[in-house]
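**Student:** Questions regarding the structure given below will be posed in turn.
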Amino acid sequence: MRGVQVLKRISESLIQTIILLIGVTLITFFILYLSPGNPAEKWLSGGDGHAGIVSEEAIREQEIKMGLDRPFLIQYKDWLLRVFQGDLGESMITGKPVLDELMEKAVPTIELTAVSLFFTILISIPLGIYCAVYKDGWLDNGVRFFSFLGISLPSFLISLLLLWFFCLKLGWFPVIATRDWKGMVLPVTVFVIQCSSKFTRQVRAVVIEQLGKEYVKGAIARGVKKRTILFSHVLKNCMIPILSWCGIYLGMMLGGAAVIENIFSWNGLGKMAVDAVTSLDYYLIQGFILWIAVMFLAINFIIDLLSAFLDPRIRKN
Amino acid sequence: MKKSHKKKIPKSFLILCILIVLLLGTAIFAPLLAPHDPNKTELSLSLLKPCKEYPLGCDAMGRCMLSRILYGARVSIFSSLAIVFIVSFIGTLIGVFSGYFGGITDKILSKCISIMQAFPKMILAIAIAGVMGIGIENTIFALCIVEWAEYARLSRSLTMGIRNQTFIKAARVCGESHFSIIIRQIIPNVIPTLIVNASLGIASMIMEVAALSYLGLGVRSPMAEWGAMMNAGRNYLQTDTRLVIIPGAAIFLTAVIFNLFGDKLRDVLDGRV
Numbered sequence: 001m002r003g004v005q006v007l008k009r010i011s012e013s014l015i016q017t018i019i020l021l022i023g024v025t026l027i028t029f030f031i032l033y034l035s036p037g038n039p040a041e042k043w044l045s046g047g048d049g050h051a052g053i054v055s056e057e058a059i060r061e062q063e064i065k066m067g068l069d070r071p072f073l074i075q076y077k078d079w080l081l082r083v084f085q086g087d088l089g090e091s092m093i094t095g096k097p098v099l100d101e102l103m104e105k106a107v108p109t110i111e112l113t114a115v116s117l118f119f120t121i122l123i124s125i126p127l128g129i130y131c132a133v134y135k136d137g138w139l140d141n142g143v144r145f146f147s148f149l150g151i152s153l154p155s156f157l158i159s160l161l162l163l164w165f166f167c168l169k170l171g172w173f174p175v176i177a178t179r180d181w182k183g184m185v186l187p188v189t190v191f192v193i194q195c196s197s198k199f200t201r202q203v204r205a206v207v208i209e210q211l212g213k214e215y216v217k218g219a220i221a222r223g224v225k226k227r228t229i230l231f232s233h234v235l236k237n238c239m240i241p242i243l244s245w246c247g248i249y250l251g252m253m254l255g256g257a258a259v260i261e262n263i264f265s266w267n268g269l270g271k272m273a274v275d276a277v278t279s280l281d282y283y284l285i286q287g288f289i290l291w292i293a294v295m296f297l298a299i300n301f302i303i304d305l306l307s308a309f310l311d312p313r314i315r316k317n
Numbered sequence: 001m002k003k004s005h006k007k008k009i010p011k012s013f014l015i016l017c018i019l020i021v022l023l024l025g026t027a028i029f030a031p032l033l034a035p036h037d038p039n040k041t042e043l044s045l046s047l048l049k050p051c052k053e054y055p056l057g058c059d060a061m062g063r064c065m066l067s068r069i070l071y072g073a074r075v076s077i078f079s080s081l082a083i084v085f086i087v088s089f090i091g092t093l094i095g096v097f098s099g100y101f102g103g104i105t106d107k108i109l110s111k112c113i114s115i116m117q118a119f120p121k122m123i124l125a126i127a128i129a130g131v132m133g134i135g136i137e138n139t140i141f142a143l144c145i146v147e148w149a150e151y152a153r154l155s156r157s158l159t160m161g162i163r164n165q166t167f168i169k170a171a172r173v174c175g176e177s178h179f180s181i182i183i184r185q186i187i188p189n190v191i192p193t194l195i196v197n198a199s200l201g202i203a204s205m206i207m208e209v210a211a212l213s214y215l216g217l218g219v220r221s222p223m224a225e226w227g228a229m230m231n232a233g234r235n236y237l238q239t240d241t242r243l244v245i246i247p248g249a250a251i252f253l254t255a256v257i258f259n260l261f262g263d264k265l266r267d268v269l270d271g272r273v
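Protein sequence lines correspond, in order, to chains C and G. The numbering used here applies: residue 1 is where the first sequence begins, and numbers increase by one. The numbering used here applies: residue 1 is where the second sequence begins, and numbers increase by one.
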């Protein structure tokens, strides 16, 4: 019986993901149409903005070559077919295939994400649980104060202050980040400050909510030890929301923090995205947005599967 | 009857209200308060330290920092207020509609919401603002596109929570039209939570507008905006941190005030309901 339930849930989740995927590709493709400029002209001028040099006929010709003269939906269909074959076009600036460019830049971002997420989870989950159990204690108040500061501080302010203090003043780290632990310390710090400020609050809130439930009162009345209630009842029920937040943070970080990567010159996806946007490298922008959204959906799908296995309501049915 | 249940409004909330009014006043009356023209460059005053005539000194182009901060308040605060206003309006409309009618309407609308939420917000905003070109109106547009879904999701779930309650059914039985039920029953019930959510959203909007400007995708060049000022000051980080710290502090303080205001507003409204 359980197998059928889980299978049903998986197939439902898969269908949902596919519908979302179609919507996501449509929006990604549509972004190009928001541009006031002409991608064909952009392609010919090679991103330097020497638009005057390119003749009208050449632009028309390029438009036909790029399929820009055809109706929107047909263009979309052609593009989608190409995307499924792994062809995201070529960067208008470097001429390299977009997919290669993405793969290359994804590695530093994934490294940064793995370390940042690890520390965010390591700090936020125990701290959030502790603050919920000892609500209004001195640590809880302190954490609430600091997480409030963390939420109100823009990431570029934290980044610039850290850069100034540790790189320029103390000279502990290089100004232009190197691809090793030394270059990673500051960007990870900013990530962890930002994310753990929010995540700790979220964990705290969900644990407090669970602690106020009737089953906890019942367990206390039956004389179950508080420790047992917390670890074998409450935390089990908190697992699913916490897991789905981890998924959201993972997706967010994998997109590369544009601002943070830019300030520390971390050569990942976030920096690439800003460079692509400032030089109007349309195909690279498109490819990047698609990559991120697909990642996001894939992570959500996996989280959904995990929840299906973890959720006792599905398991016991 | 009503009066006796009314809780006293806490003092801290009143202080925050005054601070918000002050902030808005600064933004509105920036031209009167600013001692100098914010865009007038005077290269002989480049990187001038704070003095009597220029209380916060000058930036690299010799423009008065104080005037630029005051004018920057206009852009930062008004654009974020505009975004929050637009997205709460659109989001509430879509969310309430979707939650109230349910069925196929809800299926389609909630799919649209989920699709928008599949994109990381900042990344999509950067792409839209970048492709559309520099300019504060494009920044506002981009942030509206990425933000409405969250507001819609919240108002949808709130509406679904009360849709099947007795007073709605009673109104229906009495022959009230759907439109009138939405306006007179649903909206007044969901609006307190939405207002709290919106007021908490202002601070994050201020930071997102500033972040886009910092990346060079916000305001056009001479216009004063806090994020853009930090971007300009970044090159002088080593010689004069003031250029980064002053606009940074302005963003931080404004965000703190709006966040505290949202938190307190929630407490006040929770006390009432």
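Yeah, the Cβ is synthetic: ideal placement off N, Cα and C, and Gly gets one too. Everything numeric in this text was worked out from a predicted model, so none of it was measured.
Look up Cys-144 of chain G in the DSSP assignment and say whether it is helix, strand or coil.
**Tutor:** DSSP places Cys-144 of chain G in helix when its eight states are reduced to three.
**Student:** Looking only at its own chain, which residues have a Cβ that is under 6 Å from the Cβ of Ile-365 of chain C, when we skip the five neighbours before and after it?
**Tutor:** No information on residue 365 of chain C is available, as it lies outside the stretch 1 to 317 that chain C covers here.
**Student:** Could you compute how far the alpha carbon of Arg-7 of chain C sits from the alpha carbon of Leu-305 of chain C?
**Tutor:** Checking the sequence shown, residue 7 of chain C turns out to be Leu, not Arg. Whole-angstrom Cα-Cα distance: 10 Å.
**Student:** If you measure beta-carbon to beta-carbon, which residues of the region 231 to 245 of chain G are closer than 9 Å to chain C?
**Tutor:** Within the region 231 to 245 of chain G, the qualifying residues are Asn-231, Gly-233, Arg-234, Leu-237, Gln-238, Thr-241, Val-244, Ile-245.
**Student:** Does any CB atom of chain C fall closer than 8 Å to the CB of Ser-114 of chain G?
**Tutor:** Cβ-Cβ to chain C under 8 Å: yes for Ser-114 of chain G.
**Student:** How would you label Trp-181 of chain C, buried or exposed, when you count the other beta carbons within 10 angstroms and need 16 or more for buried?
**Tutor:** Trp-181 of chain C is exposed by the Cβ-count criterion.
**Student:** Should Val-192 of chain C be flagged as near chain G, meaning a C-beta pair shorter than 8 Å?
**Tutor:** Output row for Val-192 of chain C: interface = no.
**Student:** According to DSSP, is Glu-90 of chain C part of a helix, a strand, or is it coil?
**Tutor:** The answer is strand: DSSP assigns Glu-90 of chain C an E or B state.
**Student:** What separation, rounded to the nearest whole angstrom, lies between the Cα atoms of Leu-143 of chain G and Val-4 of chain C?
**Tutor:** Answer to the nearest angstrom: the Cα atoms are 43 Å apart.
**Student:** Quick one: give me the first and last residue of the alpha helix (DSSP H) that Pro-55 of chain G is part of.
**Tutor:** Pro-55 of chain G -> no alpha helix (DSSP H), and no H or E assigned at all.
**Student:** Quick check on Leu-170 of chain C - is its C-beta less than 8 Å from some C-beta in chain G?
**Tutor:** No, no contact with chain G.
**Student:** What do you get for Glu-261 of chain C, buried or exposed, if any count of 16 or more other CB atoms within 10 angstroms of its CB means buried?
**Tutor:** That one is buried.
**Student:** Determine whether the beta carbon atoms of Leu-318 of chain C and Tyr-283 of chain C lie at a separation below 8 Å.
**Tutor:** No answer is possible for residue 318 of chain C: it lies beyond the span of chain C, which begins at 1 and ends at 317.
**Student:** At the level of alpha carbons, what is the spacing between Gly-137 of chain C and Ile-208 of chain C?
**Tutor:** Rounded to whole angstroms, Gly-137 of chain C to Ile-208 of chain C spans 14 Å at the Cα level.
**Student:** Expressed to the nearest angstrom, what Euclidean distance is found between the alpha-carbon atoms of Ser-35 of chain C and Trp-148 of chain G?
**Tutor:** Their Cα atoms are separated by approximately 21 Å.
**Student:** Classify Asn-164 of chain G as buried or exposed, calling it buried when 16 or more other Cβ atoms lie within 10 Å of its own Cβ.
**Tutor:** With fewer than 16 Cβ atoms within 10 Å of its Cβ, Asn-164 of chain G is classed as exposed.
**Student:** Taking just the CA atoms, how far does Ile-10 of chain C sit from Thr-139 of chain G?
**Tutor:** Thr-139 of chain G and Ile-10 of chain C: Cα-Cα distance of roughly 39 Å.
**Student:** By the criterion of Cβ-Cβ separation under 9 Å, what are the contact partners of Val-259 of chain C in chain A?
**Tutor:** Looking for chain A here will not work: the only protein chains present are C and G.
**Student:** How would you call Ala-40 of chain C, buried or exposed, if buried means at least 16 neighbouring beta carbons within 10 angstroms?
**Tutor:** By the neighbour-count rule (16 or more Cβ atoms within 10 Å), Ala-40 of chain C is buried.
**Student:** Name, please, each residue of chain C whose Cβ falls closer than 8 Å to the Cβ of Phe-252 of chain G.
**Tutor:** Residues of chain C passing the Cβ test: Ser-152, Leu-153, Pro-154, Leu-157.
**Student:** Shortest alpha-carbon distance to Ala-308 of chain C belongs to which of C:Met-239, C:Ile-263, C:Val-190, C:Arg-179?
**Tutor:** Looking at the Cα atoms, C:Met-239 is the closest of the given residues.
**Student:** With 8 Å set as the bound, which would you pick, yes or no: does the beta-carbon of Ala-127 of chain G sit closer than that to a beta-carbon of chain C?
**Tutor:** Chain C contact via Cβ: present.
**Student:** Using a Cβ distance threshold of 8 Å, determine whether the region 150 to 159 of chain G contacts the region 289 to 305 of chain C, with at least three qualifying pairs required.
**Tutor:** Taking 8 Å as the limit for Cβ pairs, the verdict is that the region 289 to 305 of chain C does not touch the region 150 to 159 of chain G.
**Student:** Can you list the residues of chain G that Thr-109 of chain C reaches, using a CB-CB cut of under 7 Å?
**Tutor:** In chain order: nothing, as chain G lies at least about 12 Å away.
**Student:** Taking 6 Å as the limit between beta carbons, can you name the residues of its chain near Val-259 of chain C, skipping five residues before and five after?
**Tutor:** Ser-155, Phe-156, listed in sequence order.
**Student:** Consider the Cβ of Ile-289 of chain C: report whether some Cβ of chain G lies at a distance smaller than 8 Å.
**Tutor:** Chain G, which has a Cβ nearer than 8 Å to the Cβ of Ile-289 of chain C, makes this yes.
**Student:** Report back the beta-carbon spacing between Thr-113 of chain C and Leu-310 of chain C to the nearest angstrom; my notes put them in contact at under 8 Å.
**Tutor:** 23 Å between Cβ atoms; not a contact.
**Student:** Leaving out five residues on either side along the sequence, give the residues of the same chain with a beta carbon under 6 Å from the beta carbon of Met-116 of chain G.
**Tutor:** Ala-149.
**Student:** State the Cα-Cα distance for the pair Ser-44 of chain G and Pro-192 of chain G, rounded to the nearest angstrom.
**Tutor:** Approximately 53 Å, taken between the alpha carbons.
**Student:** Any beta carbon of chain C sitting closer than 8 Å to that of Met-223 of chain G?
**Tutor:** Met-223 of chain G does not count as touching chain C.
**Student:** Would you mind stating whether Arg-74 of chain G and Met-229 of chain G have Cβ atoms separated by less than 8 Å?
**Tutor:** Result no, Cβ atoms of Arg-74 of chain G and Met-229 of chain G do not sit closer than 8 Å.
**Student:** So which residues on chain G does Asn-267 of chain C lean against when the C-beta distance must stay under 8 Å?
**Tutor:** Correct list: empty, because the minimum Cβ distance to chain G is about 16 Å.
**Student:** Return the bridge partner residues of Pro-97 of chain C from the DSSP annotation.
**Tutor:** Pro-97 of chain C pairs with C:Glu-90.
**Student:** Are the CB atoms of Ile-158 of chain C and Val-131 of chain G within a distance shorter than 8 Å?
**Tutor:** No, the Cβ-Cβ distance between Val-131 of chain G and Ile-158 of chain C is not below 8 Å.
**Student:** Enumerate in chain order the residues of its own chain whose CB-to-CB distance from Arg-82 of chain C is below 8 Å, with the five nearest sequence positions on each side excluded.
**Tutor:** Excluding positions up to five away in sequence, the list reads Leu-88, Gly-89.
**Student:** Starting from Phe-330 of chain C, trace the alpha helix (DSSP H) both ways and give me its first and last residue.
**Tutor:** Residue 330 of chain C falls outside the range modelled here, since chain C spans only 1 to 317, and no answer is possible.
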